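Encoded as structure tokens, the structure appears first; notes follow it.
2 protein chains.
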Amino acid sequence: MVFEHPKVKELLDKTRVLWALHHAESVLSWDSETYMPRKGVADRSLAMAELAALQQKLLLRDDVVKLVDDLSNNNDLNDYEKGVVRVLSRSIRIMKALPPELVMEMAKTTEEARPYWREAKVKNKFEVFEPYLDKIIELSRKAAEYIGYDEHPYDAALDYYEEGLRKRSVEDMFNYIEPRIRRILDKILSNGLYPSTHELEDVKYDVSAMEKVNKEVLQRLGYPFDRGRLDVSAHPFTIGIGLDDVRITTRYEGKDFKRTLYGTIHEFGHALYDLQIDKSFRMTPIARGASLGIHESQSRFWENIIGRSKPFTEAIYPLLSSHLSFISRYSPEDIYMYVNTVKPSLIRVEADEVTYNLHILLRFKLEVRMMEGDYRARDVAEAWNEEMEELLGVRPKTYSEGVLQDIHWSMGSIGYFPTYTIGNLVSAQIYHNIKKDIPNFHDLINELDFEEVRNYLREKIHKWGATYPPEELLKKSFGEPLNPKYFIDYLEEKYLS
Amino acid sequence: MVFEHPKVKELLDKTRVLWALHHAESVLSWDSETYMPRKGVADRSLAMAELAALQQKLLLRDDVVKLVDDLSNNNDLNDYEKGVVRVLSRSIRIMKALPPELVMEMAKTTEEARPYWREAKVKNKFEVFEPYLDKIIELSRKAAEYIGYDEHPYDAALDYYEEGLRKRSVEDMFNYIEPRIRRILDKILSNGLYPSTHELEDVKYDVSAMEKVNKEVLQRLGYPFDRGRLDVSAHPFTIGIGLDDVRITTRYEGKDFKRTLYGTIHEFGHALYDLQIDKSFRMTPIARGASLGIHESQSRFWENIIGRSKPFTEAIYPLLSSHLSFISRYSPEDIYMYVNTVKPSLIRVEADEVTYNLHILLRFKLEVRMMEGDYRARDVAEAWNEEMEELLGVRPKTYSEGVLQDIHWSMGSIGYFPTYTIGNLVSAQIYHNIKKDIPNFHDLINELDFEEVRNYLREKIHKWGATYPPEELLKKSFGEPLNPKYFIDYLEEKYLS
Numbered sequence: 124m125v126f127e128h129p130k131v132k133e134l135l136d137k138t139r140v141l142w143a144l145h146h147a148e149s150v151l152s153w154d155s156e157t158y159m160p161r162k163g164v165a166d167r168s169l170a171m172a173e174l175a176a177l178q179q180k181l182l183l184r185d186d187v188v189k190l191v192d193d194l195s196n197n198n199d200l201n202d203y204e205k206g207v208v209r210v211l212s213r214s215i216r217i218m219k220a221l222p223p224e225l226v227m228e229m230a231k232t233t234e235e236a237r238p239y240w241r242e243a244k245v246k247n248k249f250e251v252f253e254p255y256l257d258k259i260i261e262l263s264r265k266a267a268e269y270i271g272y273d274e275h276p277y278d279a280a281l282d283y284y285e286e287g288l289r290k291r292s293v294e295d296m297f298n299y300i301e302p303r304i305r306r307i308l309d310k311i312l313s314n315g316l317y318p319s320t321h322e323l324e325d326v327k328y329d330v331s332a333m334e335k336v337n338k339e340v341l342q343r344l345g346y347p348f349d350r351g352r353l354d355v356s357a358h359p360f361t362i363g364i365g366l367d368d369v370r371i372t373t374r375y376e377g378k379d380f381k382r383t384l385y386g387t388i389h390e391f392g393h394a395l396y397d398l399q400i401d402k403s404f405r406m407t408p409i410a411r412g413a414s415l416g417i418h419e420s421q422s423r424f425w426e427n428i429i430g431r432s433k434p435f436t437e438a439i440y441p442l443l444s445s446h447l448s449f450i451s452r453y454s455p456e457d458i459y460m461y462v463n464t465v466k467p468s469l470i471r472v473e474a475d476e477v478t479y480n481l482h483i484l485l486r487f488k489l490e491v492r493m494m495e496g497d498y499r500a501r502d503v504a505e506a507w508n509e510e511m512e513e514l515l516g517v518r519p520k521t522y523s524e525g526v527l528q529d530i531h532w533s534m535g536s537i538g539y540f541p542t543y544t545i546g547n548l549v550s551a552q553i554y555h556n557i558k559k560d561i562p563n564f565h566d567l568i569n570e571l572d573f574e575e576v577r578n579y580l581r582e583k584i585h586k587w588g589a590t591y592p593p594e595e596l597l598k599k600s601f602g603e604p605l606n607p608k609y610f611i612d613y614l615e616e617k618y619l620s
Numbered sequence: 124m125v126f127e128h129p130k131v132k133e134l135l136d137k138t139r140v141l142w143a144l145h146h147a148e149s150v151l152s153w154d155s156e157t158y159m160p161r162k163g164v165a166d167r168s169l170a171m172a173e174l175a176a177l178q179q180k181l182l183l184r185d186d187v188v189k190l191v192d193d194l195s196n197n198n199d200l201n202d203y204e205k206g207v208v209r210v211l212s213r214s215i216r217i218m219k220a221l222p223p224e225l226v227m228e229m230a231k232t233t234e235e236a237r238p239y240w241r242e243a244k245v246k247n248k249f250e251v252f253e254p255y256l257d258k259i260i261e262l263s264r265k266a267a268e269y270i271g272y273d274e275h276p277y278d279a280a281l282d283y284y285e286e287g288l289r290k291r292s293v294e295d296m297f298n299y300i301e302p303r304i305r306r307i308l309d310k311i312l313s314n315g316l317y318p319s320t321h322e323l324e325d326v327k328y329d330v331s332a333m334e335k336v337n338k339e340v341l342q343r344l345g346y347p348f349d350r351g352r353l354d355v356s357a358h359p360f361t362i363g364i365g366l367d368d369v370r371i372t373t374r375y376e377g378k379d380f381k382r383t384l385y386g387t388i389h390e391f392g393h394a395l396y397d398l399q400i401d402k403s404f405r406m407t408p409i410a411r412g413a414s415l416g417i418h419e420s421q422s423r424f425w426e427n428i429i430g431r432s433k434p435f436t437e438a439i440y441p442l443l444s445s446h447l448s449f450i451s452r453y454s455p456e457d458i459y460m461y462v463n464t465v466k467p468s469l470i471r472v473e474a475d476e477v478t479y480n481l482h483i484l485l486r487f488k489l490e491v492r493m494m495e496g497d498y499r500a501r502d503v504a505e506a507w508n509e510e511m512e513e514l515l516g517v518r519p520k521t522y523s524e525g526v527l528q529d530i531h532w533s534m535g536s537i538g539y540f541p542t543y544t545i546g547n548l549v550s551a552q553i554y555h556n557i558k559k560d561i562p563n564f565h566d567l568i569n570e571l572d573f574e575e576v577r578n579y580l581r582e583k584i585h586k587w588g589a590t591y592p593p594e595e596l597l598k599k600s601f602g603e604p605l606n607p608k609y610f611i612d613y614l615e616e617k618y619l620s
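Protein chains in written order, with the working numbering: chain L, 124 to 620; chain G, 124 to 620.
Here is the structure:
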């Protein structure tokens with residue numbers, strides 16, 4: 124048995140209702156993004172706010188807090204039990220700090236904001252979203268003050284999404300990778316090693332044919348459709364409703380098929396994580412990923428390290444051509460180049476592996492400012508284009524392809540973006556290790572035989588759930604904490620050799 | 124303002140979280156029946172059980188119970204406020220009586236049972252569902268004992284679904300209608316007034332064309348797709364997730380298009396009720412129908428009184444033929460006869476208006492026995508065929524077309540079926556009144572102009588929500604309580620004149 128300590132069992136019994144509420148919230152969120160009728164949003168946002176406040180109340184019940192406090196100093200616990208106590212204790216610390224009115228207001232504001240963000244993006248009208256972003260910035264700042272921080276209010280925002288992450292360490296990370304990325308990028312561009320565009324970007328596809336491609340690719344990767352679904356939403360996501368119900372979404376723009384295909388593979392990586400968590404964690408607080416950064420490492424590992432590799436594009440070529448008639452006009456090598464164009468561009472989710480983290484750096488810089496002083500939504504919108512030009516050398520012509528492109532801020536997620544860069548760095552660290560541990564890694568990809576890869580990820584990462592905090596998990600599984608060197612190694616191996 | 128009394132406002136504030144939980148449960152139920160991946164059921168059933176127990180706990184909080192008790196004897200309340208207190212007080216009485224373990228067990232058992240019922244039905248294997256039905260019967264009997272009753276344990280089951288309903292009054296109802304239905308049925312059959320089958324029953328349709336028909340018919344009836352959805356489920360249903368999010372489902376068997384069409388119209392009737400509840404009841408306990416019987420009167424009114432009338436079948440003929448090519452081989456009169464065949468048959472949901480209530484009588488008889496003595500699932504399965512033969516003169520060859528045909532028992536709903544007959548009787552009572560109040564009722568149907576009809580139903584029934592208990596609502600709106608005479612009048616007018 125994983126959970127043996129009687130006090131931990133008691134704690135799990137008492138907090139199972141929180142799991143149930145989280146389960147319900149997940150279904151509600153999924154529904155809001157996929158099937159909810161347009162006018163359902165008013166009730167939905169009020170319900171989500173009530174449920175958020177209820178969760179806070181139930182988490183902060185005296186008997187729960189006392190049990191967690193007692194267990195925090197208990198040395199008899201095994202690692203799983205310690206994980207449960209750590210995760211709950213972290214939530215209690217944050218939720219105790221936040222006034223219930225603020226929690227409800229945040230839940231309500233973000234539920235309301237999402238459809239306005241969507242409308243603003245569709246209509247290219249920043250002012251539709253602006254008052255909500257103002258409110259979200261204000262609430263986030265307030266939350267940081269309530270939660271507290273060592274050096275900078277942004278520390279509180281970062282730690283909320285990635286346990287232990289600080290503004291200073293994100294700066295260190297970017298200070299290491301930014302100049303190296305620029306050097307690599309310059310070489311690629313000046314030597315024309317990879318194309319910057321590809322004519323397949325303009326080729327239209329039939330949506331129902333593309334649906335089949337996505338489903339078949341998911342099947343080949345090992346996505347179990349009796350434990351998940353593939354739906355359509357404006358902003359693709361993965362949601363773990365239960366350990367046997369992990370759903371993903373994609374979107375179909377009607378042309379440039381790599382967007383939906385690689386979006387789907389990306390979400391598969393997230394889903395596989397949740398699907399391979401140890402089943403005995405069911406209904407406990409550690410039945411989730413170690414952190415957002417580690418979660419993103421899984422999606423990026425499948426999307427980029429596997430999905431954009433030559434053995435993979437070669438291997439799925441027949442599958443692509445069986446559904447998409449235009450594929451036959453291109454060679455497998457064309458497909459590889461098409462999914463690996465390198466070019467400083469406007470849209471984060473379409474950015475190549477080389478420039479992607481510069482998009483995160485932009486958001487990081489803006490978020491730091493949002494969390495300090497009197498920086499408002501309007502300032503963010505104006506700074507966006509300037510920073511974009513400085514970092515990537517391109518300037519958006521519309522809000523939709525600029526400051527409005529991402530859903531995150533509309534969901535109140537300030538401090539979330541840096542976890543994407545952590546994900547990229549960790550995915551390369553895993554690549555460094557898996558090549559050593561599975562010497563025929565590339566051959567397996569070329570055979571679309573992923574069982575060993577899935578098992579490797581399960582043993583090293585997935586099965587542990589949130590037993591360990593992210594840095595500890597990395598040390599335990601790979602012998603060292605996050606090391607950005609491997610990401611630069613990976614880019615050099617792939618793009619310069 | 125509808126709610127003015129400060130104590131009622133306080134009560135509504137305190138119980139808003141129950142509304143939020145109900146909202147969440149509704150989405151979860153909808154999801155379970157429509158999109159949930161197969162293996163998600165284990166977690167879902169545990170979550171539903173936790174949420175049921177949590178609702179009970181929050182409803183029975185001392186401060187809530189005390190407020191409701193105080194307000195129950197308060198004469199200063201307006202009708203809406205009285206309604207709130209009545210509905211909550213009823214729930215408190217029932218939930219106080221039921222041990223939390225029983226509530227959780229019922230929630231868990233029924234969530235688990237549903238997929239097994241479905242499997243049993245598909246595979247025609249009663250034994251797959253049998254242990255669950257045994258458990259559900261046992262739990263229902265226990266619940267009746269805890270809740271208490273005047274004369275018969277079935278009274279408790281009936282009252283749970285239809286406030287004030289008793290075994291004795293259901294018997295009176297059937298004693299009145301059964302012989303009269305038989306007399307009418309005999310005349311129809313012996314004089315061949317309506318056909319007993321129609322060749323359209325065997326005609327296949329294209330599912331996507333039929334989807335368009337259903338959607339267009341819903342649009343004509345006035346279903347607002349920005350406040351609802353049409354999905355597919357094994358057993359069609361309507362679910363009010365919020366006053367602006369009322370979803371319906373249908374199913375496509377691939378032939379005999381009246382099944383899906385009239386199923387859809389039926390669910391529209393349910394949906395319109397919830398969609399026309401007074402918006403100021405939002406998030407309160409009276410933002411729901413007065414009772415299941417009154418709810419069913421709305422679905423049957425649209426399905427039968429309007430939908431199966433000659434003016435309606437005539438009016439939708441062009442719409443049908445624009446999507447279904449085979450329609451052109453038939454006349455509007457053919458369509459009318461096809462949707463009005465009369466024949467003692469096996470399946471309740473396909474039964475005609477004349478024989479339908481005999482299907483309910485069968486279930487009523489069996490349910491009475493389930494609630495008394497040591498009647499088990501196996502006994503129900505055996506008695507089904509005997510009773511079917513006696514009541515309708517037909518005998519099922521399989522469990523699937525017999526005892527396994529309905530979802531209700533798998534959901535723990537014993538005592539629910541009689542509300543269908545109440546619905547039929549009330550729909551005819553409304554018909555009697557609407558003909559007087561809107562003299563050109565049939566002309567409006569023939570013009571597919573339903574605004575006045577929707578407004579009539581809104582003013583007489585819908586807008587009141589659960590302000591009044593069912594019998595009181597009928598008296599208030601139509602000057603008398605439920606009167607089964609109008610149903611017999613309706614059948615005679617339609618089938619014998």
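We put the beta carbon where it would ideally sit given N, CA and C, even for glycine. Computed from a prediction, not measured in an experiment: that's the story for all the values here.
Practice item. Determine the chain L residues that contact residue 366(G) at a beta-carbon separation under 8 Å, and present them in chain order. Key: Residue numbering aside, residue 366(G) sits at position 243 when the second sequence is read from its first letter. Taking a Cβ-Cβ cut-off of 8 Å, the neighbours of residue 366(G) in chain L comprise 166, given in sequence order.
Review point. Apart from the five residues just before and just after residue 518(L), which ones in its own chain have a Cβ nearer than 7 Å to its Cβ?
Key: As a working mapping, residue 518(L) is identified with position 395 in the first sequence. Hits under 7 Å: 508, 511, 512.
Point to revise | Start and end residues, alpha helix (DSSP H) containing residue 188(L) | key: Position 65 of the first sequence, counted from the first residue, corresponds to residue 188(L). Residue 188(L) -> alpha helix (DSSP H) spans 185–195.
Check your understanding: What residues in its chain sit with their C-beta under 6 Å from that of residue 358(G), if we drop five residues either side in the sequence?
Key -> Here residue 358(G) refers to the residue found at position 235 of the second sequence. Here the set comprises 530.
**Study point:** Buried or exposed by the 16-neighbour rule on C-beta atoms within 10 Å, applied to residue 190(G)
**Key:** Counted from its first residue, the second sequence places residue 190(G) at position 67. The residue is buried, with at least 16 neighbouring Cβ atoms inside 10 Å.
Check your understanding: In the region 141–165 of chain L, which residues sit with their C-beta less than 7 Å from some C-beta in chain G, listed in chain order?
Key -> Taking 7 Å as the Cβ-Cβ cut-off against chain G, the residues of the region 141–165 of chain L that qualify are 143, 146, 147, 150, 151, 154, 158, 159, 160, 161, 162, 163, 165.
Practice item. Tell me, please, whether the CB atom of residue 351(L) is closer than 8 Å to any CB atom in chain G? Key: What you label residue 351(L) is simply residue 228 of the first sequence in a count that begins at 1. Yes - at least one Cβ of chain G is within 8 Å of the one on residue 351(L).
Practice item. Excluding the 5 residues preceding and the 5 following residue 427(G) in the sequence, name in chain order all residues of the same chain whose CB lies nearer than 6 Å to its CB. Key: Start at 1 with the first residue of the second sequence, and residue 427(G) comes out as number 304. Within the same chain, 476 come within 6 Å of residue 427(G) by CB-CB distance, once the 5 residues on both sides are set aside.
Exercise for review: Find the residues of chain L that neighbour residue 474(G), judging by a C-beta separation of less than 9 Å, and give them in chain order.
Suggested key: As a working note, residue 474(G) is residue 351 in the second sequence. What residue 474(G) touches in chain L, judged by beta-carbon distance under 9 Å, is nothing: the nearest beta carbon there is about 32 Å away.
Check your understanding: Roughly how many whole angstroms lie between the Cα atoms of residue 176(G) and residue 224(G)?
Key -> Indexing the second sequence from 1 puts residue 176(G) at position 53. Indexing the second sequence from 1 puts residue 224(G) at position 101. Cα to Cα, the separation comes out at about 8 Å.
Exercise for review: Please check if any C-beta of chain L sits within less than 8 Å of the C-beta of residue 406(G).
Suggested key: Here residue 406(G) refers to the residue found at position 283 when the second sequence is read from its first residue. Yes, residue 406(G) counts as interfacial toward chain L.
**Study point:** Nearest candidate by alpha-carbon position, reference residue 339(L), set 404(L), 172(L), 585(L), 571(L)
**Key:** As a working mapping, residue 339(L) is identified with position 216 in the first sequence. Taking only the C-alpha atoms, the option nearest residue 339(L) is 571(L).
Exercise for review: Leaving aside the five residues before and after residue 533(G) along the sequence, list all residues of the same chain whose C-beta is less than 6 Å from its C-beta, in chain order.
Suggested key: Along the second sequence, read from residue 1 onward, the residue named residue 533(G) stands at position 410. Once the five neighbours on either side are set aside, the close Cβ partners of residue 533(G) are 236, 237, 240.
Point to revise | Rounded straight-line distance, which links the Cα of residue 276(G) to that of residue 213(G) | key: By 1-based counting over the second sequence, the position of residue 213(G) is 90. By 1-based counting over the second sequence, the position of residue 276(G) is 153. Between residue 213(G) and residue 276(G), the C-alpha separation is close to 18 Å.
**Study point:** Own chain partners of residue 564(G) with C-beta closer than 8 Å, once the 5 adjacent residues on each side are dropped
**Key:** Reading the second sequence from its first residue, position 441 is the one you call residue 564(G). Closer than 8 Å at the Cβ level, and outside the excluded window around residue 564(G), lie 557, 558, 576.
Check your understanding: Between which two residues does the alpha helix (DSSP H) containing residue 386(L) stretch?
Key -> As a first step, residue 386(L) must be located in the first sequence, where it is residue number 263. From DSSP, the alpha helix (DSSP H) with residue 386(L) extends over 381–398.
**Study point:** Residue burial classification, residue 141(G) (beta-carbon count within 10 angstroms, cutoff 16)
**Key:** One-based indexing of the second sequence puts residue 141(G) at position 18. Residue burial is scored here from C-beta neighbours: residue 141(G) has at least 16 other C-beta atoms within 10 angstroms and is therefore classed as buried.
Practice item. Between the Cα of residue 445(G) and those of 334(G), 501(G), 478(G), spot the shortest distance and give me the residue it belongs to. Key: The sequence position of residue 445(G) within the second sequence is 322, counting from 1. When each option's Cα is compared against that of residue 445(G), the closest is 334(G).
**Study point:** Near the ligand COA: residue 477(G) beta-carbon under 7 Å from a heavy atom
**Key:** The ligand COA is not part of the structure shown, which contains no ligands of any sort.
**Study point:** CB of residue 146(L) within 8 Å of CB of residue 166(G), strictly
**Key:** Looking up residue 146(L) in the first sequence gives position 23. Looking up residue 166(G) in the second sequence gives position 43. Their beta carbons are under 8 Å apart, which means residue 146(L) touches residue 166(G) by this criterion.
Check your understanding: How many whole angstroms separate the CB atoms of residue 412(G) and residue 396(G), which I take to be in contact at a CB cut-off of 8 Å?
Key -> As a position in the second sequence, residue 412(G) is number 289, starting the count at 1. As a position in the second sequence, residue 396(G) is number 273, starting the count at 1. Rounded, the Cβ-Cβ distance is 5 Å, consistent with contact.
Check your understanding: What residues in the region 177–194 of chain L bring their beta carbon closer than 7 Å to a beta carbon of chain G?
Key -> Result list: 177.
Review point. Which of the residues in the region 391–406 of chain G, read from start to end, lie with their CB under 8 Å from any CB of chain C?
Key: In summary, chain C is missing from the structure at hand, where the protein chains are L and G.
Review point. So which of 363(L), 232(L), 293(L), 581(L) has the shortest CA-CA distance to residue 148(L)?
Key: As a first step, residue 148(L) must be located in the first sequence, where it is residue number 25. Selection 363(L), 232(L), 293(L), 581(L) evaluated against residue 148(L) yields 363(L) as nearest (Cα-Cα).
Practice item. Using the DSSP secondary-structure output, state which residues sit across from residue 371(L) in a beta bridge. Key: Here the question's residue 371(L) lines up with position 248 in the first sequence. Listed as beta-bridge partners of residue 371(L) by DSSP are 353(L), 361(L).
Exercise for review: Determine the DSSP secondary structure at residue 248(L), reduced to helix, strand or coil.
Suggested key: By 1-based counting over the first sequence, the position of residue 248(L) is 125. Coil at residue 248(L), not helix or strand.
Practice item. Check whether the Cβ atoms of residue 300(L) and residue 541(L) lie closer than 8 Å to each other. Key: Numbered from its first residue, the first sequence carries residue 300(L) at position 177. Numbered from its first residue, the first sequence carries residue 541(L) at position 418. The Cβ atoms of residue 300(L) and residue 541(L) do not sit closer than 8 Å to each other.
Practice item. Indicate whether residue 138(G) and residue 208(G) have their beta-carbon atoms separated by less than 8 Å. Key: Within the second sequence, numbered from 1, the residue matching residue 138(G) stands at position 15. Within the second sequence, numbered from 1, the residue matching residue 208(G) stands at position 85. No; because the gap between Cβ atoms is not below 8 Å, this pair is not in contact.
Practice item. Take the Cβ of residue 702(L) as the centre, count every other Cβ of all protein chains shown within 10 Å, and call the residue buried at 16 or more, exposed below. Key: Any answer about residue 702(L) is impossible in this case: the structure gives chain L only from 124 up to 620.
Review point. Are the C-beta atoms of residue 126(G) and some chain L residue less than 8 Å apart?
Key: Here residue 126(G) refers to the residue found at position 3 of the second sequence. Under the 8 Å criterion on CB atoms, residue 126(G) is classed as non-interfacial with respect to chain L.
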